[in-house]
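Numbering (the numbering used here), first residue to last: 2 to 86.
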């Protein structure tokens, strides 16, 4: 926003577990909403576009079944409904 990027709902999606957002289904960071937000982010993306994704929340690790990760684990993000999603 400080670098001249538009600050409106056609240019960014913000999901939050703040009380003001909880109960407003489209803006709670559920599995479905995070997935929908990522699909929104890449929809109509073209070569040369710059996309930005920021996640500030809890994460976990799952076993790396491909053998690519040195530590044997892949990092994940945890949506607020991770126990049921």
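We treat Cβ as the ideally placed atom computed from N, Cα and C, and that holds for glycine.
Check whether residue i and residue j have beta carbons under 8 Å apart
i: residue 53; j: residue 78; result: no
Closest Cα partner of residue i within the set the options
i: residue 84; options: 7, 59 and 37; result: 59
i: residue 44; options: 33, 67, 12 and 61; result: 12
i: residue 10; options: 42, 70 and 50; result: 42
Contacting residues, own chain, Cβ-Cβ under 8 Å from residue i (five flanking each side not counted)
i: residue 35; result: 16, 78 and 80
i: residue 46; result: 52
Per DSSP, the bridge partner or partners of residue i
i: residue 77; result: 61
6 Å Cβ shell around residue i - same chain, five flanking residues per side excluded
i: residue 65; result: 73, 74 and 75
Any chain B beta carbon closer than 8 Å to residue i
i: residue 15; result: Note that chain B does not occur in the displayed structure, where there is just one protein chain.
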